[in-house]
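What follows is a single structure, written as structure tokens, with notes after it.
Numbering (the working numbering), first residue to last: 2 to 93.
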């Protein structure tokens, strides 16, 4: 009996990006930044370092001034940093 192939697999590689992004713009909405604007790396790193439940101040002028860090926001910021790194590798 043959198994049905998943849409997340293609030629042996997993499509983890498609699986991890359900809807676009979740982090932008949480930070109060328009989707077409880039989220500053310094803000993403500050969110990644902060423990969940704390309030941080935005080091940049875009978006909200004070941001309450949640577990989901930390995951989204980590994914955004990873995707930015992948984008740089692809350009080379």
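No residue lacks a Cβ here, since even glycine has one placed at the ideal position from N, Cα and C. For clarity, every value in this text was computed on a predicted model and none was experimentally measured.
Three or more Cβ pairs closer than 8 Å define a contact, and the region 43 to 55 meets that threshold against the region 63 to 77. Spanning the alpha carbons of residue 52 and residue 59 requires a straight line of approximately 15 Å. Looking at 70, 28, 43, the one whose alpha-carbon comes closest to that of residue 37 is 28. Residue range 72 to 92 is occupied by the alpha helix (DSSP H) that includes residue 86.
In this structure, DSSP gives residue 34 a state outside helix and strand, which the three-state scheme calls coil. With 16 or more other CB atoms across the displayed protein chains lying within 10 angstroms of its CB, residue 70 is buried.
Pairing residue 64 with residue 33 gives a Cβ-Cβ distance under 8 Å.
Among the bridge pairs identified by DSSP, residue 56 is matched with 69. The Cβ atoms of residue 61 and residue 44 sit closer than 8 Å to each other.
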